[in-house]
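Working notes, structure below.
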Amino acid sequence: MRIALIGNPNVGKSTLFNSLTGLRQHTGNWTGKTVGVAVGYYNDLEIYDLPGTYSLIPHSEEEKVTSEFVLHKDYDIAVVVCDALCLERNLNLVLQTMEVTDNVIMCVNLMDEAKRKGIEIDLDKLSNLLGIQVIGMSAIKNDGISELIKSINNINSNPQKIVYDDIIEESINTVRLTSNSRFEAISLIMQNKSDDAKVVRSYLIDKGIDFNEKILNKKMEICKSISKEVVHNTKHYSQSKWDKILTNKLTGIPIMVFMLISILYISIIGANYPSKLLFKFFNWLGVIIESGLHFLHIPSVIINPLIYGVYRVTTWVVAVMLPPMAIFFPLFTLLEDLGVLPRIAFNLDGYFSKSNACGKQALTMCMGFGCNAVGVTGTRIIDSPREKLIAILTNSFVPCNGRFPSLLSVLTMFFISRSIIFKSLINALLLGLIIVLGVFMTLLVSKILSNTILKGESSMFILELPPYRKPQIKKIIIRSLLDRTIFVLGRALIIAAPMGLIIYLLTNINISGVSLLSHLSNILNPVGKFIGLDGVILTAFLLGIAANEIVVPIMLMIYISNSYLIDITNLDYMKQVLLSNNWSIVTAICFLVFVLFHFPCSTTLLTIKKETGSIKWTVVSAFLPLFIGFILCFIIYHISLLF
Amino acid sequence: MLSLDELKINQRAIIKNIECDKTVKIRLLDMGFQNGEEIVHVLNSPSKLIKAYLIKNTLIAIRNSDVKNILVEVIDDENSFNRKS
Chain A
77 MRIALIGNPN
87 VGKSTLFNSL
97 TGLRQHTGNW
107 TGKTVGVAVG
117 YYNDLEIYDL
127 PGTYSLIPHS
137 EEEKVTSEFV
147 LHKDYDIAVV
157 VCDALCLERN
167 LNLVLQTMEV
177 TDNVIMCVNL
187 MDEAKRKGIE
197 IDLDKLSNLL
207 GIQVIGMSAI
217 KNDGISELIK
227 SINNINSNPQ
237 KIVYDDIIEE
247 SINTVRLTSN
257 SRFEAISLIM
267 QNKSDDAKVV
277 RSYLIDKGID
287 FNEKILNKKM
297 EICKSISKEV
307 VHNTKHYSQS
317 KWDKILTNKL
327 TGIPIMVFML
337 ISILYISIIG
347 ANYPSKLLFK
357 FFNWLGVIIE
367 SGLHFLHIPS
377 VIINPLIYGV
387 YRVTTWVVAV
397 MLPPMAIFFP
407 LFTLLEDLGV
417 LPRIAFNLDG
427 YFSKSNACGK
437 QALTMCMGFG
447 CNAVGVTGTR
457 IIDSPREKLI
467 AILTNSFVPC
477 NGRFPSLLSV
487 LTMFFISRSI
497 IFKSLINALL
507 LGLIIVLGVF
517 MTLLVSKILS
527 NTILKGESSM
537 FILELPPYRK
547 PQIKKIIIRS
557 LLDRTIFVLG
567 RALIIAAPMG
577 LIIYLLTNIN
587 ISGVSLLSHL
597 SNILNPVGKF
607 IGLDGVILTA
617 FLLGIAANEI
627 VVPIMLMIYI
637 SNSYLIDITN
647 LDYMKQVLLS
657 NNWSIVTAIC
667 FLVFVLFHFP
677 CSTTLLTIKK
687 ETGSIKWTVV
697 SAFLPLFIGF
707 ILCFIIYHIS
717 LLF
Chain B
47 MLSLDELKIN
57 QRAIIKNIEC
67 DKTVKIRLLD
77 MGFQNGEEIV
87 HVLNSPSKLI
97 KAYLIKNTLI
107 AIRNSDVKNI
117 LVEVIDDENS
127 FNRKS
């Protein structure tokens, strides 16, 4: 049997989903929020966790996923999860769902929290009034789950039909003939979408009747009267003291910046050890595989590209990419679970609105620090297509986990003398400065885009600030760790593996005694010199399109004329190599700027192509940061020549 | 009558009129903004360009520029919203 889980955002729908399915689940597209449809299994039940929505008339793409799924009726039972603390607003979605299908079950979640706040709900009466089964639930404590399963197996519902005025009913019935459900008919007329609906709508307008008003008001009236009958509220809403601190003019933004920096710091530092272990493991495994292949008498011509090209680059990417992601994203999800993320958007929306963008872009930007591809997918939470596109185009302006190591190693080598105390503090401050440059550029470019090619006023922005809740560690680990791991491994295999082969071939095929790679860097050299870099650096970025993590290793590989990637952890040695290849402090600055502003990695580009569905915007997203990087490096280099 | 963004912090009011285009209005209604509903201004953001209101027991943030067309009538101030209860 197929079950669709529907509900407003922040009602604990995903908690219920996780309690039911445990590890037996997978997600199509995940970005911290339930974006895309997660599917899980409980015995013979196939459960679909749909993105949270306030209404089946969608406003963002995320909501559209839910609305389309529900209206398509590709399930047997719709379970609408509601928040006991604001039942009245949640009822709207229940009423809408009851107009789509007869098989509806209502779950009133967070019953324990409601009880603590002095809210009592008469579930039996609610069930009678609606004509469907109603189950009280505290999904976190697994309360009410067995009752839900029982109801699903013995579905018994006879939903109360909402009867509108005669003329409205007539209109609905006219359109109903060609639509899938009563609700679809209503929705078509409301949004003036099908031919039938247009005829009906203009007929109503001639008669001076506002269809939307009638429908919405009727539903709101019912929600209100039902809620009045079944909800007994003895206490008032109490505001969290945290809100005062987290949204305060003086403390709000600094606290949030501090939280973000802490998360980044923990990810970078915490990833060191597991990265080293993975390196060791993969090296050990590589030796075994290599000798195994030799044992099978496979010629070296085949073994070498496989081991020193494909295997080495792929495992390299996994070893450096996996640990920071596996730390960053659970921590980020932790903030989300706590209810901090919407407050970040709330605090920053004003500044983003000045760039004609929206506060949710601040969130996708923060996700970009973890991984730009994830940030791009995350833009689905943005309602307006114009603002979504701006968020996509500017996402790679903030450095992702894959770029922090390059930034940090060059910062340490060139800007921090050995004797200095508070070394890591100064390092962090310099890194902070780079991040600020990225954020500033995000705002500036957003502003420029909204005044030029993506002209438009910022559209309506409305955001719920849910109550702070205790995070659920298990859910966080299941959702973020598992999904990230699969994402990263998949990415490594799809893109890094062929790139490994290409790099191997470029380094090992010689024309007139010089490798193809050297030829390439010689060709790019004049361009590189022109902006304060060199051909090797540009070549490294070009090949590093597979993953930003391998830019520095490729660069070093070319400088020391090696034919495969080697792990150099000794920064003194690394600095020597760079200095002997004519790196100056200006080269280092230009390099840092170029790390921040060049084309996004191939995974991000593929994600952009998928999200925008347009090659044009994918190309723009590649050349926009590249252009900015070129200009900035050019300016920096040529100013330095004056001195 | 005031527009919603003119409410002072902790001031209570009743929504009297919502004047905006069809899609925005559907959205506002989904979020609980309807005539006759009680609303309290609870939080300011650092920029003050967006504020958070309590409506139907939920905290909703919305930009000043989006609520210019929502007219409200202040309920007597003596009875104003008690945060401690």
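Protein chains in written order, with this note's numbering: chain A, 77 to 719; chain B, 47 to 131.
Note that the Cβ used here is the ideal one computed from N, Cα and C, for glycine as well.
Proximity test, Cβ basis, 8 Å: residue i and chain A
i	result
R58 of chain B	no
M77 of chain B	yes
I85 of chain B	no
L72 of chain B	Reading the sequence as shown, one finds Ile at residue 72 of chain B and not Leu. Yes - at least one Cβ of chain A is within 8 Å of the one on I72 of chain B.
K114 of chain B	no
I55 of chain B	no
I108 of chain B	yes
K62 of chain B	no
is_contact[residue i, chain B] using C-beta, thresh 8 Å
i	result
G689 of chain A	no
R165 of chain A	yes
D188 of chain A	no
Y427 of chain A	yes
G368 of chain A	no
F699 of chain A	no
K109 of chain A	Any reading at K109 of chain A needs caution, since the residue's pLDDT is 40, under 50, leaving its predicted position unreliable; the model's value is listed next. No, because no Cβ of chain B sits closer than 8 Å to the Cβ of K109 of chain A.
Y279 of chain A	no
D413 of chain A	no
T583 of chain A	no
L161 of chain A	yes
Q437 of chain A	no
I383 of chain A	no
I510 of chain A	no
S131 of chain A	yes
D242 of chain A	no
K269 of chain A	no
G328 of chain A	yes
H308 of chain A	no
F422 of chain A	yes
Beta-carbon spacing of residue i, residue j below 8 Å
i	j	result
I121 of chain B	N110 of chain B	no
P400 of chain A	I344 of chain A	yes
N81 of chain B	I61 of chain B	yes
I19 of chain A	I228 of chain A	Because chain A in this structure spans residues 77 to 719, residue 19 of chain A falls outside the shown range and cannot be described.
D188 of chain A	K226 of chain A	no
A215 of chain A	V393 of chain A	no
N477 of chain A	T488 of chain A	no
I466 of chain A	L407 of chain A	no
V628 of chain A	S460 of chain A	no
V396 of chain A	M575 of chain A	no
A664 of chain A	F490 of chain A	yes
F244 of chain A	N179 of chain A	It should be pointed out that residue 244 of chain A corresponds to Ile in this sequence rather than to Phe. For I244 of chain A and N179 of chain A, no; Cβs fall outside 8 Å.
T694 of chain A	I704 of chain A	no
T518 of chain A	T470 of chain A	yes
S485 of chain A	M650 of chain A	yes
I197 of chain A	L163 of chain A	yes
Counted within 10 angstroms of its Cβ, other Cβ atoms place residue i as buried (16 or more) or exposed
i	result
T327 of chain A	exposed
S143 of chain A	buried
S301 of chain A	exposed
W659 of chain A	buried
K102 of chain B	buried
D76 of chain B	buried
I321 of chain A	exposed
R78 of chain A	exposed
V157 of chain A	buried
K325 of chain A	exposed
Residue i CB to nearest heavy atom of the ligand SAH below 7 Å
i	result
S131 of chain A	With respect to the ligand SAH, the structure shown offers nothing to examine, as it has no ligands at all.
Next on the checklist: Ignoring anything shorter than 4 residues, give me the alpha helix (DSSP H) runs that lie fully in the stretch 465–548 of chain A, in order along the chain.
Outcome noted: 480–491, 499–527
Item to check | Residues from the stretch 88–105 of chain B in contact with chain A, defined by Cβ distance under 8 Å | outcome: V88, L89, N90, S91, P92, S93, K94, L95, I96, A98, L100, K102, N103, T104, L105
Checklist entry - Can you list the beta strand (DSSP E) stretches of 3 or more residues lying completely in the stretch 369–415 of chain A, in chain order? => result none
Next on the checklist: Output needed in chain order: residues of the stretch 282–302 of chain A with a Cβ under 7 Å from some Cβ in chain B.
Outcome noted: N288, L292, M296
Item to check | Members of the stretch 521–545 of chain A near chain B, C-beta cut-off 7 Å | outcome: M536, F537, I538, L539, E540, L541
Checklist entry - the stretch 195–221 of chain A: which residues have C-beta closer than 8 Å to a C-beta of chain B, in chain order? => result none
Next on the checklist: So within the stretch 623–661 of chain A, which uninterrupted alpha helix (DSSP H) runs reach at least 4 residues, ignoring any that extend past its ends?
Outcome noted: 627–635, 647–656
Checklist entry - Taking the runs of the alpha helix (DSSP H) that are 4 residues or longer, which of them lie wholly in the stretch 657–701 of chain A? => result 661–672, 678–688
Next on the checklist: Against chain B, which members of the stretch 632–651 of chain A pass a CB distance test of less than 7 Å?
Outcome noted: none
Item to check | 3-residue-minimum beta strand (DSSP E) runs that sit fully inside the stretch 133–215 of chain A, ordered along the chain | outcome: 153–159, 180–185, 195–197, 209–212
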